[in-house]
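In case it helps, UniProt numbering puts the sequence shown at residues 1 to 689.
We treat Cβ as the ideally placed atom computed from N, Cα and C, and that holds for glycine.
Here the structure comes first, spelled out in C-alpha cells, and everything after it is commentary.
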Amino acid sequence: RDDEDTFKILIATDIHLGYLEKDPVRANDTFVTFNEILDHAQKNEVDFVLLGGDLFHENKPSRKTVHSCLESLRKYCMGDRPVQFEILSDQAVNFHYSKFPWVNYQDRNLNISIPIFSIHGNHDDPTGADALCALDILSCAGLLNHFGRSSSVEKLDISPILLRKGRTKIALYGLGAIPDERLYRMFVNKQVTMLRPKEDEDSWFNLFVIHQNRSKHGATNYIPEQFLDDFINLVVWGHEHECKIAPFQNEQQGFYVSQPGSSVVTSLSPGEAVKKHIGLLHVKGKKMKMQKIALETVRTFHMEDVVLADHPDLFNPDNPKVTQAIQAFCMEKVELMLDNAERERLGNPRQPEKPLIRLRVDYTGGFEPFSIHRFSQKYVDRVANPKDIIHFFRHREQKEKNDSDLNFGKLVSRPASEGMTLRVEDLVKQYFQTAEKKVQLSLLTERGMGEAVQEFVDKLENDAIEELVKFQLEKTQRYLKERRTDAEEEKIDEEVRKFRESRKKNTEEEEEEVREAMTRARAHRSEDAVLVAASSDEEFMDTGMKSTGDSDDGLPATLSRGRGRARGRVRAARGQNSAARGSSRRGRGSTSQESATSSRTYKPVSVPAKNMSIMDAFKSLKPTASLNSSKSFSEDIIDDDSDLEDIYTVPSSKVNQRLVCLRLSTTSSLSKRGSQSQTSRGVDFESDE
C-alpha cells in the first residue's frame, strides 16, 4: 500500500539518448521513449527516479540531444509537488565532485517535484582534463543528481546516500562505469569497500546501482555477482541490454538482482528482441516489490534464425537455381515477421509504424548468399532498417592450432550466434602477439598502445596516440640520461628493453602513465593551437618576403622545403634550350634566389627536445663533427638523391656529372666547372652550418 512509509522509485537504465539521431526514420526514438519514462514517473507520483547509467549514447552528445534532454527534464521534473523524503548523509561527500554539493530539490532557487539520481555509464563517462561528462552539465543546471563517481583508480570507498521516508530508510549505493578489468582486479585485491551507517545498520534497505558487464566476456572482463557484499538487499544492474527486470535472487550472496535492460534497440541481437520494460519499485521497511511497466513507444523488433542445411528437401547446393529458391524463402519469412509486427501495432497505436526486422541465415553447407542490397530495396518503405534485414553467416570448422605459425588467417572465428565481443585493446594485443618480429613494439607496451587506441576510437581524442608516444618517449629519454648510458646503439637498445619490461610488470604505473598522457594531451591542446597559429603567421611573413624579390636580404629568414625546390629546378631545367643544357650553371637554374633557396634545403632544422629521437638526444650531447668528414659528406649526398628523385627529365649523364662535381668539391683540386655546379646547388661544405 502507498502510505507515508513507502518509497516509490522508478527504475530505468541504458536510455541512450541520441542514438541514430541522424537516421531519417529512427532519429526521435530515444527522445520519445524518454518522455514516456518520465511521464510514467509523473503519473505514478514516484518519490524519485533512479537511472543506471548510459543516459546518453555518445560521450559528447550533440546540441540537439542535450536540448531535447533538458526540455524533457524541465517539463516533467519541475513543479510544486513536495518531495516526501529527506537525506540524512553528508551531501558534501555524496556529491563532492559538484560545485553545488547538495541534492537539487533542496536548492532554494529551484522547484523540483521529481528528483532524478543517476550514475554514469561507459557511454557517457567523465573524460578530459577536468573529468567532466554530460551528466555534470545536467547536475550543474539543477535537473539531475549525479552520484557514484570514483576519485581513485587504486582504492574505492563507496559511501551511500542515506534516505528516509517515515520509518523506511534506504542506503543508496552507486558506482559509475569503470573498466571491467580494473574493477575486477580491485575486487580481487580487496580494494573496494562499501561503507555502512554506524547507527542501526541492520534497519537499512541497501540498494546498489552498478553499470558493468554482468555476463562473462573474458577472464576478467566482467564482474561476478559473488564479488558484491552480502548485506545488500537489491542490485540494479545496468549496461546489459536484455530486459530481466524481475528480481532474481543470488543463492550464494542472498541479495536480489534486477536487470532493467535498455529502453531502445541499439543492436540487432537476440537480447534486444525481448520486450522492453521499466520498473516501479516499492520499498517499505526491509520489504520490496517490483512492478513491471511495459514501454509502449519502443519500436518493435522481430528476429528469426534460419539454417539452410536443415531444409534438404527445399535447398540443394548443386541446383543452379538454389540461390533464387533461398531468396524466395527469405522473403516469405520477412513477410511473416512483418505481419506479426503489424498485429502488435494495432493493439498499441503509440508504437512507431515501421518495425525492425532481422533474419539471420546460416548458409553453411556449400550455399551461396544472394545480394543483400537488392533484397533490401523491396522493403525500404516497410521496415526501419532495410540495409540490415538479412545477415548471412556460417560456421567454420575448427582447425588445429599450430603455435609455430600463428596468424590471423588461421584464427578460428566463432559464429555470430555466440555473441562474441571484441574490444579495441584486445585487437591491438592480438595484433602484436601474432605480428612479425620486425614490426614488434620496442619502446611502447601493448597495453599502453591499446588504451590510447581505445581513447581515439571511443572518445574521439585525435591526439591520444601521438601524446602517448611523446610522453613515453620523454620518460624513456629521462631514464637513459639518469642511467648515463653510453651513446652506443646496442647499449641503448638493451636499456630500453629492460625499461620496457619493468613497465609491463607494473600495470598500475602503466595505467597512470596513460592517464597522465591523456590529461596532458587535452591540457596542452589550446597551447598547441596557439603555436600552430604563430607558425602559420611566420610562414606567411616568410612567403611575403620571398615574393618581393629581395633575395639577398630576405634569404636567411626564409624557410623552404627541399622537394618543392627540386620541382622548381626541374621546371628551370625544362625551360632551357639544348645549348643551354650543356652548361651546368644554367641547366640547374642560375638565379641567385634559386641558388640560395636550394642552399637552404640543406640547413638543419632545430627540433624541440621533446620530439627528438633517442639517438638524436645522445648525438646532441657529443661535440659537432666537421662537415668535411666523409660521414657528413655521405649524408649530404643521400639528401641530394632524395631531391633528385623527381628530376626524371634530366638525362642520367648530366645527373652523374653533377654528382661528380659534388664529389670533386671536397678535394683540394676543384675545377672551375665543378665550382660553378657547387655554387648553383648551394652546398657549402666549408661553412660551419
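Status (buried if at least 16 other CB within 10 Å, exposed otherwise) for residue i
i           : result
G53         : buried
H96         : exposed
R358        : buried
Q324        : exposed
E508        : exposed
R515        : exposed
F455        : Note that residue 455 is Glu in the sequence shown here, rather than Phe. Buried, because 16 or more other Cβ atoms sit within 10 Å of the Cβ of E455.
Q249        : exposed
V93         : exposed
A12         : buried
P312        : exposed
residue 690 : Residue 690 cannot be examined here, being either before or after the span of the chain that is shown, 1 to 689.
G254        : exposed
R26         : buried
V298        : buried
G419        : Only weak support is given to the placement of G419: the predicted model assigns it a pLDDT of 42, under 50, and the question is left unresolved by the model.
K292        : exposed
Q91         : buried
L468        : buried
N145        : buried
A171        : buried
A134        : buried
A294        : exposed
H239        : buried
K354        : buried
A129        : exposed
P349        : exposed
P386        : buried
L20         : buried
Beta strand (DSSP E) segment containing residue i, residue limits
i    : result
F248 : K244 to Q249
Y173 : T168 to L175
I223 : Premise fails: I223 is in no beta strand (DSSP E) and is neither H nor E.
A141 : No beta strand (DSSP E) contains A141, which DSSP labels as neither H nor E.
D157 : L156 to I158
N206 : F205 to H211
S215 : That residue, S215, is in no beta strand (DSSP E); it is neither H nor E in DSSP.
L73  : It is not in any beta strand (DSSP E) - L73 instead sits in the alpha helix (DSSP H) that spans R63 to C77.
L281 : H277 to K284
R360 : L356 to D362
K333 : From DSSP, K333 is part of no beta strand (DSSP E) but of the alpha helix (DSSP H) over V322 to L346.
Q252 : Looking at the DSSP string, Q252 is not in any beta strand (DSSP E), and its letter there is neither H nor E.
V49  : F48 to L51
R382 : No beta strand (DSSP E) contains R382, which DSSP labels as neither H nor E.
I161 : I161 to K165
I389 : Element bounds for I389: n/a, residue is neither H nor E.
Continuous alpha helix (DSSP H) stretch holding residue i: start and end
i    : result
E201 : Run containing E201: none; DSSP gives neither H nor E here.
V235 : Element bounds for V235: not the alpha helix (DSSP H) but the beta strand (DSSP E), L234 to G238.
R182 : D180 to V188
R149 : First-last for R149: undefined, no H or E at that position.
M194 : Element bounds for M194: not the alpha helix (DSSP H) but the beta strand (DSSP E), V192 to M194.
I372 : I372 to S376
Q106 : Element bounds for Q106: n/a, residue is neither H nor E.
Q84  : Q84 -> no alpha helix (DSSP H), and no H or E assigned at all.
Rounded distance between the beta-carbons of residue j and residue i, thought under 8 Å
i    : j    : result
Q259 : I245 : 7 Å
V236 : V209 : 5 Å
T220 : H241 : Actually they are not in contact, since the Cβ atoms of T220 and H241 sit about 21 Å apart, beyond 8 Å.
F205 : K286 : 6 Å
F370 : Q327 : 5 Å
F476 : V453 : Just to set this straight, residue 476 is Thr in the shown sequence, not Phe. Actually they are not in contact, since the Cβ atoms of T476 and V453 sit about 20 Å apart, beyond 8 Å.
**OP:** Decide if the segment 105-112 is in contact with the segment 493-509; the criterion is three or more beta carbon pairs, one per stretch, under 8 Å apart.
**Re:** Output reads no: the segment 493-509 does not touch the segment 105-112.
Subject >> Any alpha helix (DSSP H) of 4 or more consecutive residues that is wholly inside the segment 4-37 >> reply: Secondary structure remark: continuous alpha helix (DSSP H) runs of at least 4 residues inside the segment 4-37: none found.
Subject >> the segment 25-41 touching the segment 66-81, judged by at least three CB pairs closer than 8 Å >> reply: The answer is yes - the segment 66-81 touches the segment 25-41, with three or more Cβ pairs under 8 Å.
Original post:
Curious, which full-length alpha helix (DSSP H) runs of at least 4 residues does the segment 427-494 contain?
Top reply: Taking only runs of at least 4 residues, the alpha helix (DSSP H) segments lying wholly in the segment 427-494 are 446-458 and 464-483.
Original post:
Should the segment 181-197 be regarded as contacting the segment 219-234, the criterion being three or more beta carbon pairs within less than 8 Å?
Top reply: Contact between the segment 181-197 and the segment 219-234 is present, because at least three Cβ pairs lie under 8 Å.
Original post:
How about the segment 118-130 and the segment 167-182: do they share at least three Cβ pairs that are nearer than 8 Å?
Top reply: These segments touch.
Original post:
Mind pulling the beta strand (DSSP E) runs of 3 or more residues that sit fully within the segment 289-317?
Top reply: Qualifying beta strand (DSSP E) stretches, in chain order: 301-307.
Original post:
Should the segment 336-345 be called in touch with the segment 281-299, which here means at least 3 C-beta pairs below 8 Å?
Top reply: Contact between the segment 336-345 and the segment 281-299 is absent, because fewer than three Cβ pairs lie under 8 Å.
Subject >> Inter-stretch contact at 8 Å, needing at least 3 Cβ pairs: the segment 14-24 / the segment 39-59 >> reply: Result yes; three or more Cβ-Cβ pairs closer than 8 Å.
Original post:
For the segment 149-163 against the segment 189-197, are there 3 or more C-beta pairs whose distance is under 8 Å?
Top reply: Look at the beta carbons and you see the segment 149-163 touching the segment 189-197: at least three pairs across the two are nearer than 8 Å.
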